[in-house]
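The structure under discussion appears below in the form of structure tokens.
Residue numbers (the working numbering): 12 to 222.
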């Protein structure tokens with residue numbers, strides 16, 4: 012073989028070896044790139060999931076916080092409205108009773124008679140003072156003999172009664188006090204309203220909740 016041919020053969024072998032080596036390098040590089048890309052994709056997906064989870068958590072926390080605040084505001088508004096309705100009903104009831112007391116019709120007179128009788132029966136003393144509003148004193152003087160007679164029959168003894176002015180912002184009714192000051196019975200319309208307020212409140216709330 013000529014020297015030129017030897018060189019050509021060697022050159023060809025070197026070229027082929029170089030090409031094969033280059034292919035291997037390129038293939039290895041391609042695989043490494045694929046691994047890097049795959050890892051990058053997985054990392055990106057993980058980061059995306061983490062980000063979504065974090066954002067979802069933040070949104071959920073924000074919504075829960077806003078919901079809690081709205082719930083507090085609605086509860087506050089509900090309580091205010093509930094109290095407003097109840098107070099309006101009480102005011103209207105008081106106004107109606109006050110109007111009835113000013114008219115002093117048969118219903119009011121009968122109610123006043125019952126209040127006085129009940130008050131007298133609830134004190135042990137036989138010497139008492141009836142505190143009555145000035146506007147009602149004329150009526151009381153008319154109905155008192157009948158009331159005293161009924162109380163006397165119930166107690167089995169007579170009573171000594173003095174009428175005095177009831178001072179204060181009362182609608183009507185009576186306050187009975189023993190002369191010695193040891194006994195006191197408030198049977199004004201105002202005190203009776205206080206007694207029914209709790210029951211009235213329950214009724215009003217029941218109606219509101221049904222709505």
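Just so you know, even glycine gets a beta-carbon here, dropped at the ideal spot from N, CA and C.
Would you give the residue range spanned by the alpha helix (DSSP H) that residue 122 belongs to?
Per DSSP, residue 122 is one residue of the alpha helix (DSSP H) stretching across 117 to 132.
Using a Cβ distance threshold of 8 Å, determine whether the stretch 53 to 67 contacts the stretch 173 to 193, with at least three qualifying pairs required.
Contact between the stretch 53 to 67 and the stretch 173 to 193 is absent, because fewer than three Cβ pairs lie under 8 Å.
Rounded C-beta distance between residue 130 and residue 180? I'm assuming under 8 Å.
In fact, because the Cβ distance is near 19 Å, the residues do not count as touching under 8 Å.
What does DSSP give as the partner residue(s) for residue 171 in the beta ladder?
When beta bridges are read from the DSSP output, residue 171 appears opposite 138.
Span of the beta strand (DSSP E) around residue 186
Its beta strand (DSSP E) spans residues 184 to 189.
Tell me whether residue 119 is buried or exposed, calling it buried when 16 or more other Cβ atoms sit within 10 Å of its Cβ.
Residue 119 comes out buried.
Which residues in the same chain as residue 112 place their Cβ atom closer than 6 Å to its Cβ, once the five residues preceding and following it in sequence are excluded?
Exclusion of the five residues before and after residue 112 leaves 119, 182 and 183 as the residues of its chain whose Cβ lies within less than 6 Å of its Cβ.
Close beta carbons around residue 185, own chain, < 7 Å, minus the five adjacent residues each side:
These residues qualify, in order along the chain: 126, 127, 130, 141, 142, 143, 198 and 199.
Within the chosen definition, does the stretch 145 to 154 reach the stretch 189 to 209 through at least 3 CB pairs nearer than 8 Å?
Contact fails: fewer than three Cβ-Cβ distances are below 8 Å.
Take the Cβ of residue 61 as the centre, count every other Cβ of all protein chains shown within 10 Å, and call the residue buried at 16 or more, exposed below.
With fewer than 16 Cβ atoms within 10 Å of its Cβ, residue 61 is classed as exposed.
Check whether residue 124 and residue 158 have beta carbons under 7 Å apart
The answer is yes: Cβ separation under 7 Å.
According to DSSP, is residue 78 part of a helix, a strand, or is it coil?
In the structure shown, residue 78 falls within a helical segment according to DSSP collapsed to helix, strand and coil.
Measuring alpha carbon to alpha carbon, tell me which of 104, 166, 164 and 54 ends up nearest residue 208.
Selected option, being the one with the closest Cα: 104.
With burial defined as no fewer than 16 other Cβ atoms inside 10 Å of the residue's Cβ, what is the status of residue 44: buried or exposed?
So residue 44 ends up on the exposed side.
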